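Residue numbers (our numbering): 58 to 419. Just so it is clear, CB atoms sit at the ideal spot from N, CA and C, and this is done for glycine as well. This structure is a prediction, so every number in the text was calculated from the model and none was measured.
1) Measure the CB-CB distance between residue 215 and residue 310 and report whether it falls below 8 Å.
2) Just the C-alpha distance for residue 418 and residue 91, rounded to the nearest angstrom, thanks.
3) Going by beta-carbon coordinates alone, are residue 375 and residue 342 separated by less than 8 Å?
4) Quick one: residues in its chain with C-beta nearer than 7 Å to the C-beta of residue 199, no 5 flanking neighbours on either side, listed in chain order?
5) Measuring CB to CB, does residue 113 end up less than 8 Å from residue 93?
6) First and last residue of the alpha helix (DSSP H) that includes residue 204?
7) Would you call the region 160 to 180 in contact with the region 264 to 271, where contact means no fewer than 3 C-beta pairs closer than 8 Å?
8) Contact between the region 195 to 209 and the region 157 to 172 is defined here as three or more beta-carbon pairs at a separation below 8 Å; is this criterion met?
9) Which residues in the same chain as residue 397 place their Cβ atom closer than 7 Å to its Cβ, once the five residues preceding and following it in sequence are excluded?
10) Would you list the one or two residues that DSSP bridges to residue 333?
11) Going residue by residue through the region 201 to 240, where are the continuous alpha helix (DSSP H) segments of at least 4 residues, counting only ones entirely within it?
12) Put residue 184 into one of helix, strand or coil per three-state DSSP.
13) Write down every uninterrupted run of the beta strand (DSSP E) in the region 110 to 168 whose length is 3 residues or greater and which is fully enclosed by it, in chain order.
14) What's the gap between the Cα of residue 131 and the Cα of residue 236?
15) CB residue 292 to CB residue 182, shorter than 8 Å?
16) Using CA coordinates, which residue listed in 242, 230, 157, 278 is at the minimum distance from residue 134?
17) Alpha carbon to alpha carbon, how far is residue 194 from residue 129? Give it in angstroms, no decimals.
18) Give me whichever residues DSSP pairs with residue 358 in a beta bridge.
Structure representation (structure tokens):
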């Protein structure tokens, strides 16, 4: 495997090493699934806690036929990405220790320097996360996405999913899987054809424009970030194994909740009632986040950049202790003045209009 000259070369493991680290991939060490793979907690002989991710041979007919080397391709791309100087030191990107690449046996895996608590999707609907932690997690995810978007050329995840975000023992979010990542050092080549994405991706997190055009829009990450943010504030995971195709899509669920409130965002209808009672919650933040979520699930042209979203999050009452930063207030005033929202919503994915979320006059 070729690595850039200025990167730290990861250690090479054999499959037996990964079995040792995870106690033969024991049930007790199992954390969760990824696309054609699994994630485990592990421990080295010296007592260092690590996380081990392995890729399995793709068993979906079309994927197996057209992407027989899927595991190898994923492994190579991830190792090149995670060892690149532009990303290697970011606190919210997983740190790579080493990898396993045994092509003939289809044994592919990586070892991370990560003391895993659990995936975000497993913690979203539990009381383990306070309002404070949820806001810190959302802000950190926004920052790492903005960092990737600001590289030259920029990276795009296309698919921000809570099952691919690990919280460490201190509740810091860490991105640890990048199966649709393009850009930067990787170029624009995708591991999967667009027509194959629907076979394996979790529908609620796919940008709605993908359903309309079959192609990725320029701000797809903002859409899935908004769905993760929605999950954090309403304490409900929309994706994962429990989701069925005929379930209500998250943005339509949010619209229904908002409509039933009489189009009054000041009521914070998207925020779970238990979170409204927690220290640090402020109604201004509930209103602002409601506007941000709807702003990110409509047309690409009016979605904010990830850098703007970072400024938005940092301007919340929770972080500033006041009404909000001037950048946040400026964004809200601009959004309130926009006439791109109509008074109706078309209930089909890929074409949404939401009523303007104007702050209630006093």
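The relevant details are as follows:
1) No, they are not a contact pair.
2) Residue placement at residue 418 is poorly supported in this model, since its pLDDT is 31, which falls under 50; the coordinates are not used for a value here.
3) In this structure, residue 342 lies closer than 8 Å to residue 375 by Cβ.
4) Around residue 199: 282, 363, 366, 367, 370.
5) Taking the C-beta atoms as reference points, residue 93 is found nearer than 8 Å to residue 113.
6) It spans 188 to 206 - the alpha helix (DSSP H) in which residue 204 sits, taken as one unbroken run.
7) Contact between the region 160 to 180 and the region 264 to 271 is absent, because fewer than three Cβ pairs lie under 8 Å.
8) No contact exists between the region 195 to 209 and the region 157 to 172.
9) Confidence in residue 397 is poor, its pLDDT being 47 and thus under 50, which makes the residue's placement too unreliable to answer from.
10) Partner(s): none; residue 333 has no beta bridge.
11) Assignment of alpha helix (DSSP H) within the region 201 to 240, counting only whole runs of 4 or more residues, yields no such run.
12) Coil at residue 184, not helix or strand.
13) Listed in chain order, they are 153 to 159.
14) Using only the alpha carbons, I get a separation of about 7 Å.
15) Against a cut-off of 8 Å, the Cβ pair of residue 182 and residue 292 comes out as a contact.
16) When C-alpha distances from residue 134 are compared across 242, 230, 157, 278, the shortest belongs to 242.
17) Computed Cα separation, rounded: 31 Å.
18) Partner(s): none; residue 358 has no beta bridge.
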